[in-house]
Each structure stands twice: as structure tokens, then as C-alpha cells.
Ligand SMILES: [Zn+2]
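Numbering (the working numbering), first residue to last: 275 to 531.
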């Protein structure tokens, strides 16, 4: 009986230490800037274009996101602006999905520049702007801080590293990062989407030139991430050049007014 009691005490003490440590960690890294709305208004074009009611919703969801996902700097100072931009990149793709929660991300690491696939910033082959972790880095995302900021400084150039990486997480939410985000695509639309995606990738490869970022021809997952950037940054142009793709993405992201 005494042994049972002793074990219980040890377990309870362990839990107390664990949760206190957890709370402490959250306190250090999960920072929700007090001036979130102002930062959104000044720096996020998508937010500026929302009506007042949607602005309130967007602001709440950005804050919600930052209470669950920490933004940490690796050799860089994380500013409130960075936190808000990361969260904006997370919310933009799934803004139409009121109940969407990212269950596959706990932490976003900001690097001082580009990095290599081995996460080294000094590597000669550093050319990666963002990455969603796998294996040991499961639940982590890495973004280049300069690329994150420039993504929102140029909101209509078709490139947004944060939207790109969060599109990968939306795709990954069903268990596989394969260019087929099953939470966005009901069954009858999966085959038409895959067909359209493959036709476009094949055309990009054949011509070796496209209005779509050529990196999207790497594989299906990269295609979905790249076309999501294009969709949210230059919708009119995408609609002109690829009306069928545009219609499908509009249906997937529920952005049709
Ligand atoms: Zn990618």
C-alpha cells in the first residue's frame, strides 16, 4: 500500500513538473502581440481587403493560432511583425474554413536567410526559403525571415513563402503531402483535380517555361503549394491563364463570393 502511495506521489509530482514546464515554455514562446490588428492593417494586403466583420474574425484566428504555435528565431530576433506574418500566412489559405485547426504544427523557426535541406545556413547549397519538417522535425516549420517579410511586402508577385509552407500543411493534414488536400476536395473532384494538375505539370515540363513558378513542376506536392501562392496573390492572372485550375482552386479554398 505504501508503495502504491509512493508511486502515486511520484506520478503526481512528475505531472506537476511537466505541466509547469509546459506553461513556462508557452509563456516564453507563445506571444500574441497586443497590436496584432494594427500590424495586420499595415502589412497584410489580404486582411486590408476584408470587410469589417471578416477583419474581426481574421484577427481572432491569428491570435488563436499564436496561442498554440510558437515562433522562434534561430540566430535572429523575432519581432511582433514576424509573428503576425507567420499567423497570417497560416490563416489566409483556410480562412473560409471556420473550424480549421492546424494540428500538425507546434513551432515555426525563423532563420536569418536561406538554408540548405540539412538546415544549415552556412552550407554552399543553401537555397531553401521554407520547409515543413518531417521525421525529427515533425510539427516544425522553418522559414527564412527575410523571405517571410518580403512575401508580404510584395503581396501580388505570386510568391509567398508562408502561404506555400502552410499549403503543404493543409495538404499534409489528411496524412500525406501529395498535392491532393483531401479536406478541401470531396471525392468526385479528386480525379479531375489530379488530372488537371498532371496535365499542367506535363505542360510546364514540356515547354520548360510557364507563368506558374517552374518549381511547381517538381512534384504534385510542390505544384499544390506553388499554385496556392499564385491563387492567393494573383487570382486575376491565374483566372486568365488557367481558368479551369482557377475554378477548382476557388472551389477547394471556398473563396467564391
Ligand atoms: Zn514546397
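By construction, the Cβ of each residue, glycine as well, lies at the ideal position given by its N, Cα and C atoms.
An exposed status is given to residue 462, since fewer than 16 other beta-carbon atoms sit within 10 Å of its beta-carbon. Taking a C-beta distance under 8 Å as the contact criterion, residue 497 and residue 475 qualify as a contact pair.
From the listed residues 328, 502, 341 and 493, the smallest Cα separation to residue 441 is found for 502. Residue 509 has its alpha-carbon roughly 14 Å from the corresponding atom of residue 434.
In this structure, residue 305 and residue 355 do not form a Cβ contact; the two beta carbons are roughly 12 Å apart against a cut-off of 8 Å. The beta carbon of residue 308 sits no closer than 7 Å to any heavy atom of ligand 1. Where residue 344 is concerned, the enclosing beta strand (DSSP E) starts and stops at 344-347. Beta-bridge analysis with DSSP links residue 363 to no other residue. Distance from the C-beta of residue 496 to the nearest heavy atom of ligand 1 is below 7 Å. Beta-bridge analysis with DSSP links residue 418 to 385. As DSSP reads the structure, residue 406 sits in a beta bridge with 415.
Within the model, the alpha-carbon separation for residue 328 versus residue 468 is close to 32 Å.
Between residue 427 and residue 385 a beta carbon distance of about 18 Å is seen, past the 8 Å cut, so the two are scored as non-contacting.
Cα atoms of residue 365 and residue 320: separation of roughly 10 Å, rounded to the nearest angstrom. Approximately 6 Å separates the beta-carbon atoms of residue 422 and residue 436; this is inside 8 Å, confirming the contact.
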